[in-house]
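In the UniProt record's numbering, the protein residues as written are 1 to 185.
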Amino acid sequence: HCDQNASYIGTDRSTPRAPKQEFFAKPNILEIVSNLFDATFNPTGFSVEVVTSKPLSILDACTNEINNSVRREIADAGADIRQTLRIQQSIAQKNFEKLNQLKEELIANISKCFAQKESYGCYFSAIQKVIRAVQAQTHSFFPVDNVKIFFRLGELFKSLKNEYAKFYVCLVRHHSYITAWKRKC
């Protein structure tokens, strides 16, 4: 019943009041980038809500809540970025298959920046490259307000940080349940 590969967390048995750092949920930057790309260029294919039909345990409820919140934040940011790029939703969807290759390149470049602990310039360069390629593939050569895009990305990551803090609070509130769950596993 305990999923060892779950993306949610447990707590350390030796410190009943504090979650152990290695079990604490951390945002997966590559998954966020992938989802943001989908939300921007394939919004009808990006599901905002995570639907569950079975009754949720407390731990599952905390996890479900963060998943829904994160996906809503990503969907909103994707819409804002698409608008800033002046790309209509229908054009984005029509070109999505071509754009999917760009998604893989973006994820690979972001992964390199992350692995090498590069400065923001590395991330900026990776995103700039994708913006130019998207403009070429969609034949949209309007000037792009890069500052607006990067400001929106900053807002997104600040918001995601807040969502993960709420997740942490949810887990701390239900510490005894999580400790029991962890012991059972």
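Every residue gets a Cβ at the ideal spot worked out from N, C-alpha and C, and that includes glycine.
In the segment 73 to 134, which residue ranges form an unbroken alpha helix (DSSP H) of at least 4 residues, counting only runs that do not cross its ends?
Under the rule that a run must span 4 or more residues, the alpha helix (DSSP H) segments found entirely inside the segment 73 to 134 read 89 to 94 and 96 to 115.
Ile29 vs Phe114 beta-carbon contact at 7 Å
yes
DSSP three-state assignment for Pro143, whether helix, strand or coil:
If DSSP states are grouped into helix, strand and coil, Pro143 belongs with coil.
Taking 7 Å as the limit between beta carbons, can you name the residues of its chain near Ala126, skipping five residues before and five after?
Leu106, Asn109, Ile110 and Cys113
Alpha-carbon spacing of Gln116 relative to Phe124, whole angstroms:
15 Å
Which two residues bound the contiguous alpha helix (DSSP H) that contains Phe37?
Ile29 to Phe41
Using DSSP with H/G/I as helix, E/B as strand and the rest coil, what is Arg46?
With the sequence shown as reference, residue 46 is identified as Phe, and Arg is not the correct amino acid for it. Three-state result, Phe46: coil.
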